[in-house]
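If you read the sequences in order, they're chains A and B. Going by UniProt numbering, the first residue of the first sequence is number 1, and it counts up by one from there. Going by UniProt numbering, the first residue of the second sequence is number 1, and it counts up by one from there.
2 protein chains.
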Amino acid sequence: MPGDHSSKQYDTDLETIRSKVLTMGGLVESQFNDAMDCFRGGDIVKAEQVIKSDETVNSLEVTLDDACSHLIVKRQPAANDLRTVVATLKVITDLERIGDEATKIARIGKQLHERGTVGVLNHYESVRVLASSAANSLHDALDAFARLDEKLAAQIIAADETIDNEFRTTTRATVTFMMEDPRTISAALDILWVAKAIERIGDHAKNIAEYVIYVVEGKDIRHTDYVYTKLNSKP
Amino acid sequence: MPGDHSSKQYDTDLETIRSKVLTMGGLVESQFNDAMDCFRGGDIVKAEQVIKSDETVNSLEVTLDDACSHLIVKRQPAANDLRTVVATLKVITDLERIGDEATKIARIGKQLHERGTVGVLNHYESVRVLASSAANSLHDALDAFARLDEKLAAQIIAADETIDNEFRTTTRATVTFMMEDPRTISAALDILWVAKAIERIGDHAKNIAEYVIYVVEGKDIRHTDYVYTKLNSKP
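Put into structure tokens, the structure is as follows:
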């Protein structure tokens, strides 16, 4: 059994990793915001920065996975503590995939502006609500992970349904544009791919929220109706 | 330090988990094949089976994550052994997401046939090559994971570029259909969403292959050009 000293060391090491994961989270959050800026305003330089910073996100993924492994081997945590490390390993994967989706958005934004097809459709307006919901979920997910706030996590999971509905609304509206004026098809498809990327960022935020609840409650609530029970229960 | 006995127990426990992960892999592979069958032939019963079996895949994810955690706590593996458990945890996530994508394909196939829009475009033909490449990659990835075959894993990673190219070919062809005859727009979008799901299954197969190399080589090759060096090196 690890003594007090070892357990304190474990806590310190874990906090170091968690704070680096939050740095990674801040980075992908900026990537997403900048990618959306670029999709709206056509800032090519910003788009290239998003694409470039994906390298940093990728190397953070590798470094932090490694740090988690080292922590396990060195401190041999008990079941309760291990749960946090396992959840952190999974969160790191979700953050890296959010970076990938942001990079896709930046690439499409860049193309849109290079081809000069920005004005064809009100492309940013089509995804504005969806993007703002996903950005909120991501921000809250990082907050919930930082403070291990299971109440906030439950709200994020419930909000994913709204994001999915907004995605369907965007899709329907965009298809209507295409049908009314087939010259908009190319531009409309760019909107659809961006909407898909945003919807996936929402999914990853939801995954992170599920891992927060797993850490706090010691209960794996993935694929259950735990959240609905939780949100509807009396305080 | 764990003695010989403990280390043997670790090996036995690990093999049990790995064999269950392969069962999960076989299940999502069937889901993908059945979903494609349904997209081609409109077998609604099969589509519903795919959607239903997603529950099994989801509960396998939770059970196997748990088994990995128990293994770590009980056997306290050394760095080398731990690498396999960490990679297995990540593989489990990719398998579950493959199940999600297969379920999406089954849902679209079901809708397509319920709406009677099957004949509008040669929808299956549009994704046939892409689907077959992704199915091969997934099959090989499970094989590479079963036999810890890093050579095969390197081939899968290299093949992902082909899959991405096939995805772009499908997209271009489908957009041409839409432009030539706007009445095909709805049916064409179904093809695009299915193509996207297949492309992602290819991505997950690639992720699994990367974890295989991480286990065998003890080297994290994600986001590096390791594979190209490896494939081009003299034996």
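We put the beta carbon where it would ideally sit given N, CA and C, even for glycine. Note that the coordinates shown come from a computational prediction; the quantities given were computed from them, not determined experimentally.
- The beta carbon of residue 139 of chain B does not come within 8 Å of any beta carbon belonging to chain A, so the residue lies off that interface.
- For residue 59 of chain B, the closest alpha carbon among the candidates B:96, B:223, B:230 and B:142 is that of B:96.
- The stretch 4 to 19 of chain B and the stretch 170 to 181 of chain A do not touch, with fewer than three beta-carbon pairs separated by less than 8 Å.
- Contact annotation for residue 93 of chain A against chain B: 90 and 93 [CB-CB distance below 7 Å, chain order].
- Cβ-Cβ distances below 8 Å link residue 133 of chain B to 159, 162, 163, 166 and 202 in the same chain, with the five nearest sequence neighbours on each side left out; the list follows chain order.
- Considering only A:108, A:70 and A:91, the residue with the shortest C-alpha distance to residue 13 of chain A is A:70.
- Between the alpha carbons of residue 29 of chain B and residue 116 of chain A lies a gap of roughly 42 Å.
- If only uninterrupted alpha helix (DSSP H) runs of at least 4 residues are considered, those enclosed by the stretch 43 to 124 of chain A are 44 to 75 and 79 to 114.
- In this structure, DSSP gives residue 223 of chain B a state outside helix and strand, which the three-state scheme calls coil.
- The straight-line gap separating the alpha-carbon atoms of residue 109 of chain A and residue 198 of chain A is approximately 13 Å.
- For the set A:56, A:171 and A:154, the Cα lying nearest the Cα of residue 217 of chain A is the one of A:154.
- The C-beta distance from residue 35 of chain B to residue 50 of chain B rounds to 5 Å, short enough to meet the 8 Å contact threshold.
- Cα atoms of residue 83 of chain B and residue 19 of chain A: separation of roughly 23 Å, rounded to the nearest angstrom.
- Using a Cβ distance threshold of 8 Å, residue 135 of chain B and residue 156 of chain B do not count as a contacting pair.
- Taking 8 Å as the upper bound on Cβ-Cβ separation, chain A lies near residues 70, 72, 73, 76, 77, 78, 79, 82, 83, 86, 89 and 90 of the stretch 70 to 90 of chain B.
- The residue from A:124, A:27 and A:65 with its alpha-carbon nearest to that of residue 38 of chain A is A:124.
- Against chain A, the beta carbon of residue 223 of chain B has neighbours under 8 Å at 55, 58, 59, 61 and 62, listed in chain order.
- Against chain B, a Cβ distance below 9 Å from residue 196 of chain A picks out 193 and 196.
- Exclusion of the five residues before and after residue 193 of chain A leaves 104 and 108 as the residues of its chain whose Cβ lies within less than 8 Å of its Cβ.
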